[in-house]
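What follows is a set of notes on a single structure, which appears directly below.
Residue numbers (the numbering used here): 122 to 266.
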(Lines of atoms letter the chains of each structure in order from A and count residues from 1; the text may use other names and numbers.)
(Lines give C-alpha, C1' and ligand atoms only; values in the text may rest on other atoms or scores of the structure.)
Protein backbone atom coordinates (compact mmCIF):
# COMPACT_ATOMS: atom_id res chain seq x y z
CA UNK A 1 0.00 0.00 0.00
CA UNK A 2 1.35 3.43 -0.92
CA UNK A 3 2.00 6.01 1.77
CA UNK A 4 -0.75 8.15 0.24
CA UNK A 5 -3.31 5.32 0.47
CA UNK A 6 -2.20 4.58 4.05
CA UNK A 7 -2.87 8.19 5.03
CA UNK A 8 -6.07 8.42 2.98
CA UNK A 9 -7.62 5.33 4.57
CA UNK A 10 -6.03 5.80 7.99
CA UNK A 11 -7.09 7.56 11.16
CA UNK A 12 -7.92 11.22 10.74
CA UNK A 13 -8.77 13.97 13.19
CA UNK A 14 -11.88 16.08 12.78
CA UNK A 15 -11.60 19.84 12.63
CA UNK A 16 -14.58 20.51 14.87
CA UNK A 17 -14.75 24.28 15.25
CA UNK A 18 -14.54 27.14 12.78
CA UNK A 19 -11.72 28.65 14.85
CA UNK A 20 -9.88 25.31 14.62
CA UNK A 21 -10.30 25.38 10.83
CA UNK A 22 -8.89 28.91 10.66
CA UNK A 23 -5.90 27.75 12.71
CA UNK A 24 -5.39 24.75 10.39
CA UNK A 25 -5.33 27.00 7.32
CA UNK A 26 -2.73 29.26 9.02
CA UNK A 27 -0.46 26.25 9.56
CA UNK A 28 -0.38 25.39 5.86
CA UNK A 29 2.53 26.69 3.81
CA UNK A 30 1.08 27.12 0.29
CA UNK A 31 4.56 26.62 -1.18
CA UNK A 32 5.13 23.30 0.62
CA UNK A 33 4.13 21.09 -2.31
CA UNK A 34 0.39 20.44 -1.96
CA UNK A 35 -1.56 18.35 -4.43
CA UNK A 36 -5.16 19.52 -4.79
CA UNK A 37 -7.89 17.15 -5.92
CA UNK A 38 -11.63 17.38 -6.40
CA UNK A 39 -13.07 13.88 -6.29
CA UNK A 40 -15.56 13.19 -9.03
CA UNK A 41 -13.98 15.80 -11.31
CA UNK A 42 -11.48 15.17 -14.07
CA UNK A 43 -8.56 17.21 -12.81
CA UNK A 44 -6.16 19.00 -15.11
CA UNK A 45 -3.24 16.62 -15.75
CA UNK A 46 -0.95 18.95 -13.81
CA UNK A 47 -3.06 18.50 -10.64
CA UNK A 48 -2.01 14.88 -10.19
CA UNK A 49 1.45 14.93 -11.78
CA UNK A 50 2.93 17.76 -9.71
CA UNK A 51 2.02 19.80 -6.65
CA UNK A 52 0.03 22.98 -7.21
CA UNK A 53 1.91 26.25 -7.14
CA UNK A 54 1.69 28.43 -4.04
CA UNK A 55 -0.77 30.89 -5.60
CA UNK A 56 -3.19 28.09 -6.52
CA UNK A 57 -2.99 26.56 -3.02
CA UNK A 58 -3.56 29.94 -1.37
CA UNK A 59 -6.53 30.62 -3.68
CA UNK A 60 -7.96 27.16 -2.96
CA UNK A 61 -7.71 27.65 0.81
CA UNK A 62 -9.42 31.04 0.60
CA UNK A 63 -12.19 29.78 -1.69
CA UNK A 64 -12.85 26.47 0.07
CA UNK A 65 -13.00 28.24 3.43
CA UNK A 66 -15.56 30.70 2.05
CA UNK A 67 -17.58 27.87 0.46
CA UNK A 68 -17.64 25.83 3.68
CA UNK A 69 -18.66 28.78 5.84
CA UNK A 70 -21.38 29.83 3.39
CA UNK A 71 -22.87 26.41 2.68
CA UNK A 72 -22.34 24.55 5.98
CA UNK A 73 -24.49 26.79 8.14
CA UNK A 74 -23.80 25.14 11.44
CA UNK A 75 -22.20 26.45 14.61
CA UNK A 76 -19.40 23.90 14.10
CA UNK A 77 -17.25 22.78 11.17
CA UNK A 78 -16.89 19.00 11.56
CA UNK A 79 -16.54 18.28 7.81
CA UNK A 80 -12.77 18.70 7.47
CA UNK A 81 -10.42 15.92 8.57
CA UNK A 82 -6.63 15.73 8.72
CA UNK A 83 -3.93 13.25 9.64
CA UNK A 84 -2.27 15.78 11.97
CA UNK A 85 -3.84 18.99 13.29
CA UNK A 86 -0.46 20.62 13.98
CA UNK A 87 1.46 19.50 10.88
CA UNK A 88 -0.96 18.16 8.27
CA UNK A 89 0.08 16.20 5.21
CA UNK A 90 -3.41 15.05 4.19
CA UNK A 91 -6.69 16.94 4.47
CA UNK A 92 -10.09 15.60 3.45
CA UNK A 93 -12.82 18.17 2.95
CA UNK A 94 -16.42 16.98 2.69
CA UNK A 95 -18.88 18.81 0.46
CA UNK A 96 -21.59 20.45 2.59
CA UNK A 97 -24.12 19.57 -0.12
CA UNK A 98 -23.21 15.87 -0.17
CA UNK A 99 -22.74 14.83 3.42
CA UNK A 100 -25.00 11.84 3.72
CA UNK A 101 -23.44 10.08 6.68
CA UNK A 102 -19.78 11.07 6.50
CA UNK A 103 -19.23 9.65 9.99
CA UNK A 104 -19.15 6.17 8.47
CA UNK A 105 -22.31 4.73 9.99
CA UNK A 106 -23.73 4.18 6.52
CA UNK A 107 -22.87 1.16 4.36
CA UNK A 108 -21.81 3.58 1.62
CA UNK A 109 -20.71 6.84 3.22
CA UNK A 110 -19.90 9.63 0.75
CA UNK A 111 -16.28 10.33 -0.01
CA UNK A 112 -14.74 13.74 0.45
CA UNK A 113 -15.36 16.42 -2.12
CA UNK A 114 -11.77 17.65 -2.03
CA UNK A 115 -8.39 16.37 -0.89
CA UNK A 116 -5.19 18.27 -0.13
CA UNK A 117 -2.11 16.09 0.11
CA UNK A 118 1.62 16.59 0.45
CA UNK A 119 2.03 13.12 -1.09
CA UNK A 120 1.31 12.35 -4.72
CA UNK A 121 -2.24 10.95 -4.94
CA UNK A 122 -2.24 7.29 -5.89
CA UNK A 123 -5.26 5.12 -6.57
CA UNK A 124 -8.08 7.63 -6.32
CA UNK A 125 -10.64 7.12 -9.02
CA UNK A 126 -13.71 9.03 -10.04
CA UNK A 127 -16.38 6.90 -8.37
CA UNK A 128 -19.26 9.36 -8.45
CA UNK A 129 -19.19 12.38 -10.75
CA UNK A 130 -19.44 15.71 -8.98
CA UNK A 131 -22.43 17.95 -9.73
CA UNK A 132 -21.94 20.41 -12.60
CA UNK A 133 -21.75 23.40 -10.24
CA UNK A 134 -18.90 21.84 -8.27
CA UNK A 135 -17.04 20.94 -11.48
CA UNK A 136 -17.30 24.57 -12.65
CA UNK A 137 -16.15 25.83 -9.22
CA UNK A 138 -13.10 23.55 -9.38
CA UNK A 139 -12.21 24.37 -12.99
CA UNK A 140 -12.45 28.11 -12.24
CA UNK A 141 -9.78 27.68 -9.57
CA UNK A 142 -7.27 26.63 -12.22
CA UNK A 143 -8.38 29.29 -14.72
CA UNK A 144 -8.09 32.08 -12.15
CA UNK A 145 -4.75 31.06 -10.65
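Yeah, the Cβ is synthetic: ideal placement off N, Cα and C, and Gly gets one too.
Check your understanding: By how many angstroms is the C-alpha of residue 158 removed from the C-alpha of residue 175?
Key -> Our two residues, residue 175 and residue 158, have alpha carbons roughly 15 angstroms apart in a direct line.
Check your understanding: Which class does residue 210 belong to by DSSP, given the choice of helix, strand or coil?
Key -> In the structure shown, residue 210 sits in coil (DSSP, three-state: anything other than H, G, I, E or B).
Practice item. Confirm, please, whether the CB-CB distance from residue 134 to residue 286 is below 8 angstroms. Key: In this structure the chain extends from 122 to 266, so residue 286 is not present and cannot be described.
Point to revise | Environment of residue 267 [buried if 16+ CB atoms lie within 10 Å] | key: No statement about residue 267 is possible, as the shown extent of the chain runs from 122 to 266 and does not include it.
Practice item. Take residue 240 and list the residues in its own chain whose beta-carbon comes closer than 6 angstroms to its own, dropping the five residues that flank it on each side. Key: Taken in chain order, the residues that qualify are 124 and 125.
Check your understanding: For the alpha helix (DSSP H) that contains residue 144, what are its first and last residues?
Key -> 139-148 is the span of the alpha helix (DSSP H), which, as asked, contains residue 144.
Point to revise | Proximity of residue 254 and residue 160 at Cβ, strictly below 8 angstroms | key: Taking 8 angstroms as the Cβ cut-off, residue 254 and residue 160 do not qualify as a contacting pair.
**Study point:** Under the three-state DSSP convention, the category residue 133 falls into
**Key:** Of the three classes helix, strand and coil, the one that applies to residue 133 here is coil, per DSSP.
Exercise for review: Verify the CB distance criterion: does residue 237 have a CB-CB separation below 8 angstroms to chain D?
Suggested key: Of the protein chains in the structure, only one exists, and it is not chain D.
Practice item. Mind reading off the beta-carbon distance from residue 149 to residue 185? Whole number of angstroms is fine, and I expect it under 8 angstroms. Key: About 11 angstroms; that fails the 8 angstroms criterion.
Practice item. Using the Cα positions of residue 188 and residue 137, report the straight-line distance between them to the nearest angstrom. Key: Answer to the nearest angstrom: the Cα atoms are 16 angstroms apart.
Review point. Between residue 139 and the rest of its own chain, which residues show a CB-CB distance below 6 angstroms, the 5 nearest in sequence each way excluded?
Key: Answer for residue 139: 198, listed in chain order.
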